[in-house]
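**Q**
Number of protein chains: 2
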Amino acid sequence: MSLLLDAIRTEGRVADGLLKVDRFLNHRVDPEVLAEVGEGIGAIVGDWDADLLLTAEASGIAPALATSLATGLPSIYAKKFVGPGKRRSFGREVSSPTKGFEYRVEVARHLIEPGQRVAVVDDFLSGGRTAVALVEIAREAGAEVVGGAFVVEKAWMPGRGRMEAIGCTARSLVTVASIEHGEVVFADA
Amino acid sequence: MSLLLDAIRTEGRVADGLLKVDRFLNHRVDPEVLAEVGEGIGAIVGDWDADLLLTAEASGIAPALATSLATGLPSIYAKKFVGPGKRRSFGREVSSPTKGFEYRVEVARHLIEPGQRVAVVDDFLSGGRTAVALVEIAREAGAEVVGGAFVVEKAWMPGRGRMEAIGCTARSLVTVASIEHGEVVFADA
Numbered sequence: 302m303s304l305l306l307d308a309i310r311t312e313g314r315v316a317d318g319l320l321k322v323d324r325f326l327n328h329r330v331d332p333e334v335l336a337e338v339g340e341g342i343g344a345i346v347g348d349w350d351a352d353l354l355l356t357a358e359a360s361g362i363a364p365a366l367a368t369s370l371a372t373g374l375p376s377i378y379a380k381k382f383v384g385p386g387k388r389r390s391f392g393r394e395v396s397s398p399t400k401g402f403e404y405r406v407e408v409a410r411h412l413i414e415p416g417q418r419v420a421v422v423d424d425f426l427s428g429g430r431t432a433v434a435l436v437e438i439a440r441e442a443g444a445e446v447v448g449g450a451f452v453v454e455k456a457w458m459p460g461r462g463r464m465e466a467i468g469c470t471a472r473s474l475v476t477v478a479s480i481e482h483g484e485v486v487f488a489d490a
Numbered sequence: 302m303s304l305l306l307d308a309i310r311t312e313g314r315v316a317d318g319l320l321k322v323d324r325f326l327n328h329r330v331d332p333e334v335l336a337e338v339g340e341g342i343g344a345i346v347g348d349w350d351a352d353l354l355l356t357a358e359a360s361g362i363a364p365a366l367a368t369s370l371a372t373g374l375p376s377i378y379a380k381k382f383v384g385p386g387k388r389r390s391f392g393r394e395v396s397s398p399t400k401g402f403e404y405r406v407e408v409a410r411h412l413i414e415p416g417q418r419v420a421v422v423d424d425f426l427s428g429g430r431t432a433v434a435l436v437e438i439a440r441e442a443g444a445e446v447v448g449g450a451f452v453v454e455k456a457w458m459p460g461r462g463r464m465e466a467i468g469c470t471a472r473s474l475v476t477v478a479s480i481e482h483g484e485v486v487f488a489d490a
């Protein structure tokens, strides 16, 4: 993950205690970094023998689709919105600590088939709320969740623990151990 | 565009007079169709000598990123939300006839550089409101908009006229002439 690490080091910004990747991953997207992310997550979901990727709009779409293009696996991105649930959808409420409101993630029922091997994909594993909601949606649809694959994991946040608590393994391309004095400290550095 | 045409014919659905592509393009994403879309839009923006792609979340992200991966050009996806504008952003209000409310599209100011050759990319050219907002944002940033490239154009809608009215050319991979009795009629068929 050399391009991704370099991008986080040189173009990542720490603002309000959060790592911002909007210069290369979730607002502006760098094609070389994205291709590397697709290969990296592709290797993880290949290990799991996944046959479907599940993410949520909007910031999960880039890593999921890059993985789809690298592996040939289809992706589903859950719709995210504020308001009541729709008929004919699998959905969950998610509270967002950074945005301060509840929203819903939903997947149309006709898109997930029972028995599919679903890998959850997202840009960040942090609080884990969106990832847990996606796992629950896939399981409600009768799919088998083979794991969650993430671009960046924040090791001090409860995301991994929340995934493990519902019996779901997690792997990440890069793990940030901490943010100290506005600087990113990598777990492997 | 044989895979895209086949997908629209076999997996597209007409509901409430709208063409739904949620089985292969904007909810579930088929990697083979997406790769073809990236190559097709890549050829268009290559003709224009674009150096940056600009789209809006969420449904524009898939075609824009596929084009980025096919061409090596970076993409920016504008953030879409309801509420007041943010500082340090270029933004526009957009009214959505299908969703019935106004929302904002915004791009952080530091991401577009004056003089860049920007191609607007989106899944549909229909009413054209989002595309026009993106053109205005890019121009406000001092960029040169070289055109709008779309996956599917609805020929009976005012999108193309609205783009031309602000001096912006438009090209589409597939043009739907009409929807008659719940069936899609292609312009070239």
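So the protein lines, in turn, are chains V and G.
Note that this note's numbering has the first sequence beginning at 302, numbered continuously upward.
Note that this note's numbering has the second sequence beginning at 302, numbered continuously upward.
Every residue, glycine too, gets a C-beta built ideally from N, C-alpha and C.
Only a predicted model underlies this, so the values are computations on that prediction, with no experimental measurement involved.
Between the alpha carbons of Phe-382/V and Ala-357/V, how many angstroms are there, rounded?
**A** Going by the C-alpha atoms only, they are around 11 Å apart.
**Q** Tell me Ala-409/V's beta-bridge partners as DSSP assigns them.
**A** According to DSSP, Ala-409/V bridges with Ser-390/V.
**Q** Is there a Cβ of chain V sitting closer than 9 Å to that of Thr-372/G, yes or no?
**A** Closer than 9 Å: yes.
**Q** Looking only at its chain, what residues have a beta carbon closer than 8 Å to the beta carbon of Arg-410/G, apart from the 5 residues adjacent to it on each side?
**A** Contacts found: Arg-389, Ser-390, Phe-391, Ala-442.
**Q** Measuring only between beta-carbons, confirm whether Tyr-404/G sits less than 9 Å from chain V.
**A** For Tyr-404/G, the answer is no, since every Cβ of chain V falls outside 9 Å of its Cβ.
**Q** Given this structure, state the Cα-to-Cα distance separating Gly-384/V from Asp-348/G, to the nearest angstrom.
**A** Using only the alpha carbons, I get a separation of about 42 Å.
**Q** Report the neighbours of Ile-362/V on chain G: residues whose CB is nearer than 7 Å to its CB, in chain order.
**A** The answer, in chain order, is Ala-359, Ile-362, Ala-363.
**Q** Rounded to whole angstroms, what is the Cα-Cα separation between Lys-321/V and Thr-431/G?
**A** Cα to Cα, the separation comes out at about 26 Å.
**Q** Using the C-alpha atoms, what's the distance from Thr-476/V back to Thr-311/G?
**A** When rounded, the distance between both Cα atoms is 42 Å.
**Q** Just reading off the alpha helix (DSSP H) that Ala-420/V is part of, what are its end residues?
**A** Unbroken run through Ala-420/V is the beta strand (DSSP E), 418-426; no alpha helix (DSSP H).
**Q** Which partner residues of Leu-354/G appear in the DSSP bridge assignment?
**A** Bridge partners of Leu-354/G: Ser-376/G, Ala-420/G.
**Q** Which ranges does the alpha helix (DSSP H) cover as unbroken runs of at least 4 residues, wholly within the region 449-478 of chain V, from first to last along the chain?
**A** Those alpha helix (DSSP H) runs which fall completely within the region 449-478 of chain V and span 4+ residues are 460-466.
**Q** Count the other CB atoms, across all protein chains shown, that sit within 10 Å of the CB of Lys-455/G; report buried if there are 16 or more and exposed otherwise.
**A** So Lys-455/G ends up on the buried side.
**Q** State yes or no: is the beta carbon of Arg-329/V nearer than 9 Å to at least one beta carbon in chain G?
**A** Yes, because at least one Cβ of chain G sits closer than 9 Å to the Cβ of Arg-329/V.
**Q** Just how far apart, CA to CA, sit Val-452/V and Ser-473/V?
**A** Val-452/V and Ser-473/V: Cα-Cα distance of roughly 6 Å.
**Q** Within the same chain, show all residues whose beta-carbon is closer than 8 Å to that of Val-330/G, passing over the 5 residues directly before and after it, in chain order.
**A** Within the same chain, Val-330/G has close Cβ partners Ala-363.
**Q** What residues of chain G sit near Ser-376/V, judged by a beta carbon separation below 8 Å?
**A** Neighbours of Ser-376/V on chain G, chain order: Arg-329, Val-330, Pro-332.
**Q** Here's a check: name, in chain order, each residue in its chain whose Cβ is nearer than 6 Å to the Cβ of Ala-365/V, leaving out the five neighbours to either side.
**A** These residues qualify, in order along the chain: Leu-354, Thr-356, Ser-376, Val-422.
**Q** How close, in whole Å, do the beta carbons of Leu-370/G and Val-334/G come, if the pair is a contact with beta carbons under 8 Å?
**A** Actually they are not in contact, since the Cβ atoms of Leu-370/G and Val-334/G sit about 14 Å apart, beyond 8 Å.
**Q** Is the Cβ of Lys-387/V closer than 9 Å to any Cβ of chain G?
**A** No - not a single Cβ of chain G is within 9 Å of the one on Lys-387/V.
**Q** At the level of alpha carbons, what is the spacing between Gly-483/V and Asp-317/V?
**A** Taking the straight line joining both Cα atoms gives about 9 Å.
**Q** How many whole angstroms separate the CB atoms of Ala-471/V and Val-346/V, which I take to be in contact at a CB cut-off of 8 Å?
**A** So it is not a contact: roughly 12 Å between Cβ atoms.
**Q** Determine the chain G residues that contact Ala-367/V at a beta-carbon separation under 8 Å, and present them in chain order.
**A** Ordered by position in chain G, the residues that pass the 8 Å Cβ test against Ala-367/V are Leu-366, Leu-370.
**Q** Can you name the residues of chain V whose CB is closer than 7 Å to the CB of Asp-323/G?
**A** Residues of chain V passing the Cβ test: Ala-409.
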